[in-house]
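Trainee: Next up is a structure, given as structure tokens.
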Amino acid sequence: MKLIVTGAAGFIGSCFVRMMLSEGMAAKAVVVDSLTYAGNLENLTPVAGHPGFTFEHANICDEARMLALFEAERPDAVVHFAAESHVDRSIHSPAPVIQTNFVGTFSLLEAARRAGVPRFVHISTDEVYGSIPEPFDADENYPVRASSPYSASKAGSDLLALSYFTTYKMNVSVTRASNNYGPYQFPEKLIPLMISNALEDKPLPVYGDGRQVRDWLFVEDHCRAIYTVLQNGRPGEVYNIGGNCSLPNLDVIHRILKATGKPESLITWVQDRPGHDRRYALTNEKLSRETGWAPRMDFDYGLAMTVDWYKNNQGWVERVKSGEYHKFYDLNYANRAT
Ligand code: NAD
Ligand code: TYD
0 MKLIVTGAAG
10 FIGSCFVRMM
20 LSEGMAAKAV
30 VVDSLTYAGN
40 LENLTPVAGH
50 PGFTFEHANI
60 CDEARMLALF
70 EAERPDAVVH
80 FAAESHVDRS
90 IHSPAPVIQT
100 NFVGTFSLLE
110 AARRAGVPRF
120 VHISTDEVYG
130 SIPEPFDADE
140 NYPVRASSPY
150 SASKAGSDLL
160 ALSYFTTYKM
170 NVSVTRASNN
180 YGPYQFPEKL
190 IPLMISNALE
200 DKPLPVYGDG
210 RQVRDWLFVE
220 DHCRAIYTVL
230 QNGRPGEVYN
240 IGGNCSLPNL
250 DVIHRILKAT
260 GKPESLITWV
270 QDRPGHDRRY
280 ALTNEKLSRE
290 TGWAPRMDFD
300 YGLAMTVDWY
310 KNNQGWVERV
320 KSGEYHKFYD
330 LNYANRAT
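Sequence positions in the sequence shown follow numbering that gives the first Met the number 0 and run 0 to 337.
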């Protein structure tokens with residue numbers, strides 16, 4: 000199978016490509032990434048020498064370039080991860096979020112339609128459902144009530160993707176996953192930020208009362224679910240992907256302090272995020288029933304592995320935080336980028 004994978008220099012997409020190539024699930028993967036602050040080719044080093052790996056340094060909003068690429072490569076499928084993925088950044092600076100997440104998805108769908116790409120999987124988020132009151136868990140028919148520019152841009156792109164099934168009969172499926180954690184996550188999201196701050200004895204900023212609830216999904220479980228949807232998901236359908244692990248933020252932070260051996264005094268209460276969703280919770284029942292997929296990772300074990308990874312890769316953390324990887328990889332990958 001030959002895949003075009005957008006945004007795979009980032010956290011989840013890079014895990015997906017490492018898994019697809021190293022486990023032989025795909026023979027070829029063409030990674031399309033514009034290398035924003037969140038994109039780092041170092042994340043793909045384990046497969047950079049694989050004969051099926053190629054990198055296309057491009058912006059997904061460039062529809063002519065995407066069309067030319069799809070026509071030249073004739074992939075079996077496009078798996079679309081590329082996004083501005085951080086809620087806080089979307090609040091401070093919504094324009095690039097709308098541009099990449101909505102316009103960029105439109106550009107890819109249009110290029111895929113015109114090139115006749117046989118399969119398109121659009122990677123989305125449970126955040127499109129907005130805050131979910133107890134005791135409900137969102138299934139795929141739960142109303143879309145996005146709260147932030149990030150989640151609204153993802154909700155819009157989901158609807159656009161589904162419209163390409165309804166209108167053009169394109170073979171599109173949409174996945175909506177809960178909060179991911181694991182190695183190679185940019186240290187701006189809750190878990191990697193708290194781990195890297197704790198390791199450096201820096202304050203851990205808790206928004207509001209810290210009692211907001213998120214469902215935690217190990218990134219490899221997510222990538223296996225995406226592969227399952229790619230292969231067996233039905234066209235025009237949405238699939239929730241959750242970790243069956245709902246926890247208040249403060250509980251997660253206490254576990255990180257325990258795993259890093261750091262004191263509670265690092266916890267610092269800060270102003271709440273505007274429009275902060277109180278609770279995300281979703282059910283995987285549809286994906287499990289249709290394909291047998293279920294999350295495998297135990298949260299404490301996955302968190303311990305993640306803490307170890309950040310401990311052992313502090314150079315990576317420093318490089319992504321300082322932006323040095325841009326300079327470093329511009330040199331090393333100059334001949335790969337087009
Ligand atoms: P990330 O921020 O780590 O990576 C995003 C990647 O997209 C980066 O490599 C970046 O360079 C690239 N990119 C951004 N704009 C681009 C553009 N215009 N053209 C080409 N490439 C561009 O994100 P992530 O956490 O790996 O998330 C991947 C996908 O999964 C996103 O669509 C996100 O909405 C979704 N998702 C994430 C989570 C999570 O917890 N992180 C949960 C559910 C869904
Ligand atoms: P985040 O990782 O940004 O993911 P999302 O907002 O997409 O769920 O945040 C997860 C939760 O952690 C969310 O309730 C906000 C909270 N949070 C903090 O309390 N402090 C922080 O420094 C960050 C980044 C997040």
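Here a beta-carbon is modelled for each residue, glycine too, at the ideal position from N, C-alpha and C.
To which residues does DSSP link His79 through a beta bridge?
Mentor: His79 pairs with Thr5, His121.
Trainee: In the DSSP assignment, what residue or residues form a beta bridge with Val237?
Mentor: Its beta-bridge partners are Val173.
Trainee: Which full runs of the alpha helix (DSSP H) of 4+ residues lie inside the region 155-230, going along the chain?
Mentor: Segments of the alpha helix (DSSP H) lying fully in the region 155-230: 189-198.
Trainee: Output the boundary residues of the alpha helix (DSSP H) element that contains Asp61.
Mentor: From DSSP, Asp61 is part of no alpha helix (DSSP H); its letter is neither H nor E.
Trainee: Taking the CB atoms as reference points, tell me whether Leu286 and Asn239 lie closer together than 8 Å.
Mentor: Contact flag set, yes.
Trainee: Report yes if the CB atom of Thr99 is closer than 8 Å to the CB atom of Cys60, and no otherwise.
Mentor: The answer is yes: Cβ separation under 8 Å.
Trainee: Along the beta strand (DSSP E) that carries Leu246, what are the first and last residues, could you check?
Mentor: Taken as a continuous stretch (DSSP letters only), the beta strand (DSSP E) holding Leu246 covers 245-247.
Trainee: Helix, strand or coil, according to DSSP, for Thr53 in the structure here?
Mentor: Note: Thr53 maps to strand in three-state DSSP.
Trainee: Between the beta-carbon of Leu2 and the beta-carbon of Ala76, is there less than 8 Å?
Mentor: For Leu2 and Ala76, yes; Cβs fall inside 8 Å.
Trainee: If I measure Cβ to Cβ from Arg277 and keep anything under 6 Å in the same chain, skipping five residues before and after, which residues do I get?
Mentor: Closer than 6 Å at the Cβ level, and outside the excluded window around Arg277, lie Ser130, Gln211.
Trainee: Quick one: what's got a C-beta closer than 7 Å to His49's C-beta in the same chain, skipping five residues either side?
Mentor: Leu20.
Trainee: Return helix, strand or coil for Lys153, following the three-state DSSP convention.
Mentor: Helix at Lys153.
Trainee: For the alpha helix (DSSP H) that contains Ala110, what are its first and last residues?
Mentor: Residues 104-114.
Trainee: Whose CA, out of Ala145, Glu126, Ser152, Tyr163, lies closest to the CA of Asp214?
Mentor: Answer by Cα proximity: Glu126.
Trainee: In whole angstroms, what is the alpha-carbon distance linking Val316 and Trp308?
Mentor: If I take the Cα positions, the gap works out to 10 Å.
Trainee: Just to confirm before moving on: does the CB-CB distance between Glu139 and Val237 stay below 8 Å?
Mentor: Result yes, Cβ atoms of Glu139 and Val237 sit closer than 8 Å.
Trainee: Nearest-angstrom Cα distance between Thr282 and Val102?
Mentor: If I take the Cα positions, the gap works out to 29 Å.
Trainee: Using CA atoms only, rank isn't needed, just tell me which of Trp292, Asn178, Val46, Phe185 is closest to Arg223.
Mentor: Nearest option by C-alpha distance: Trp292.
Trainee: Put Trp308 into one of helix, strand or coil per three-state DSSP.
Mentor: Helix at Trp308.
Trainee: If I'm right that Val218 touches Asn179 with Cβ under 8 Å, what's the distance once you round it to whole angstroms?
Mentor: Going by Cβ atoms, the distance from Val218 to Asn179 rounds to 5 Å, so yes, they are a contact pair.
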